[in-house]
Amino acid sequence: MSSPATASQTAGPFWHLIEFPQWADLTHADGPNAAVSGERITLAGRIADGAGAPVADALVEIWQAGPDGRYDGAFHGFGRAATDRDGGFRFRTLRPGPVPGRGNALQAPHVTIAIFARGLQKPLFTRLYFAGDSRNQADPVLTAVDPARRNTMIATDAGEGLWRLDIRLQGEGETVFLDI
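Under the numbering used here, the sequence shown is numbered contiguously, ending at residue 181.
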């Protein structure tokens, strides 16, 4: 006799049980990266649904290499933040360095982003690249994306160390998501 199938469930709405505000600051003085040097930056953005409305109950996670381009170095590159009522998120971190890829090709500095939100069976993954970085033009992932849509993965320099990337979950201007 076979067992009945388990019903599909979306994640949440339990973000308040797992979100710790200090996880959004990878540079805090008593954290694992306190002694790591590098360019301090803020990553910010807004998550919107297909109609352009803010997604106020999403969880955003980031993974990144350290300023030296290593995932196994001194830098602890994981962060987590809940979106606010306007769909906004914000991280304090160090700007990542270029990361070795297949065949010793360097990937442009980037931050991997995972989004957990209502209606999603599994997280959505994308990358944040930095506008103006000459290495973007040879990055093996970014160059595989339709040129007309690459801008959905490129953060803009808003000045004073602030980099901004707004994410659209579907519809016009939908962010490019990666099948990881």
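Even for Gly, the Cβ is constructed at its ideal location relative to N, Cα and C.
Assigned with DSSP and collapsed to three states, residue 108 falls in strand.
Taking C-beta separations shorter than 8 Å and ignoring five residues to either side along the sequence, the partners of residue 154 in its chain run 127, 128, 129, 130, 143, 146, 166, 176 and 177, following chain order.
Counting along the chain, residue 130 sits inside the beta strand (DSSP E) bounded by residues 125 to 131.
Counting only runs of 3 or more residues that sit fully inside the region 44 to 91, the beta strand (DSSP E) segments are 60 to 65 and 79 to 83, in chain order. Counting along the chain, residue 157 sits inside the beta strand (DSSP E) bounded by residues 155 to 160. Looking at 171, 105 and 69, the one whose alpha-carbon comes closest to that of residue 54 is 171. Under the DSSP assignment, residue 143 falls outside any beta strand (DSSP E); it carries neither an H nor an E label. Contact check for residue 151 against residue 99 fails: the beta carbons are separated by 9 Å or more.
Ranked by Cα distance from residue 71, the options 148, 102, 121 and 27 are led by 102. For the set 114, 52 and 27, the Cα lying nearest the Cα of residue 39 is the one of 27.
Rounded to the nearest whole angstrom, the C-alpha separation of residue 160 and residue 46 is 14 Å.
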